[in-house]
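**Student:** Taking the numbering used here, the leading residue of the sequence shown gets 10, the next gets one more, and so forth.
Sharing a structure here in structure tokens format.
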Amino acid sequence: MAFSRNQINKIRFDDPVTFLTKAQKKYLDKSWAGFFAENIFPKIHETPYQVLYSPTSGRYNTPINQMVSLLIIKDLTGLSYANLVNEVALDLRYKYALCCTDKVDSPAGASTLSNLRTRIKNYKKKTGIDLYQSTLSDIKPQLDELIAKYHFRQI
């Protein structure tokens, strides 16, 4: 699988956020999802994860910042991979947090997320570097605020 950075997509004509009332949009912005989209998602750097992918061959990966965000949300909520993917597909807040309301389905499947976690573990065994824990360290103040403000469990 080849590495690619997340590209900003054009908003779909039928993007669900465009159909929200002002009150609903305000609620969404003030929810955990709005906090995540504003304060955590943009701070997840994709470049360190490039080592997990082929530089030239294969199809391109799902955007790393979305997949790592999903792993973070999974760890915060305690959901299984399958339940997380279902929540993302059905609940606008998850897509809003991942800045991907333009997608119809979840940006990544359960096996994709599980495979990423395995790649991260294998890379740690090989190099001693835990890319996921490094990401969590980089966003610790924002994660601590999210956990305190919205009553998520500690990672």
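Where a beta carbon is used, it is the ideal one built from N, C-alpha and C, also for glycine.
Buried or exposed: ARG102, going by 16 or more other Cβ atoms within 10 Å of its Cβ?
**Tutor:** Buried is the call here.
**Student:** Hey, could you find the ends of the alpha helix (DSSP H) ASP24 is sitting in?
**Tutor:** Note, ASP24: premise wrong, no alpha helix (DSSP H); not H, not E.
**Student:** So what does DSSP say about SER89, is it helix, strand or coil?
**Tutor:** If DSSP states are grouped into helix, strand and coil, SER89 belongs with coil.
**Student:** Does the distance from the CB of THR144 to the CB of VAL77 come in under 8 Å?
**Tutor:** A contact, by the Cβ cut-off of 8 Å.
**Student:** I want to know whether the segment 59-74 touches the segment 30-48 - three or more CB-CB distances under 8 Å.
**Tutor:** In short, these stretches do not touch, since the Cβ pair count stays below three.
**Student:** What's the gap between the Cα of ASP164 and the Cα of PRO25?
**Tutor:** For the record, residue 164 in the displayed sequence is Ile; it is not Asp. Near 30 Å, if we compare the C-alpha coordinates of PRO25 and ILE164.
**Student:** Please list the segments of the alpha helix (DSSP H) lying wholly inside the segment 48-120, counting only runs of 4 or more residues, in order along the chain.
**Tutor:** Whole alpha helix (DSSP H) segments, 4+ residues: 73-86, 90-99, 101-106.
**Student:** Is the beta carbon of GLN151 closer than 8 Å to that of ILE73?
**Tutor:** Contact flag unset, no.
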